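> Numbering (my numbering), first residue to last: 46 to 149.
No residue lacks a Cβ here, since even glycine has one placed at the ideal position from N, Cα and C.
Since this is a predicted model, take the numbers as computed values, not measurements.
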């Protein structure tokens, strides 16, 4: 960042989260009790109350609010995302050229 234009660094400071802001969802997930049976998604940006499911643009940029619980956008694969996750895992193993041990 030393050689980056100062105006660009200021612009990034207005658009992107700081390190502290960026970790707020992870800290909240590690320290809060959100219940055992619910699938929840924490996002650091403002989401209008009438929007139940996160809108992609607001998942990446927007006014910082700490953390907020939203419903995750899970793939519609008939298994609440588990089929899509299995295919993604297999593709990752193929691309990495290895098989990851699942601990069993």
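Which complete alpha helix (DSSP H) runs does the stretch 81 to 142 hold, if anything under 4 residues is left out?
101 to 105, 127 to 141
> Could you check whether the stretch 99 to 112 touches the stretch 128 to 141, counting it as contact only if at least three pairs of C-beta atoms, one from each stretch, sit closer than 8 Å?
no
> CB-CB under 8 Å to residue 50, same chain, minus the five flanking residues each way: which ones, in chain order?
none
> Within 8 Å of any Cβ in chain D, is that where the Cβ of residue 119 sits?
Here chain D cannot be found, since the structure has a single protein chain.
> Taking residue 66 as part of the alpha helix (DSSP H), name the residues at either end of that continuous run.
64 to 67
> Go ahead and label residue 115 buried or exposed: buried means 16 or more other beta carbons lie within 10 angstroms of its beta carbon, across all protein chains shown.
buried
> Cutting at 7 Å between CB atoms, please list the residues of its own chain near residue 74, excluding the five before and the five after it.
87
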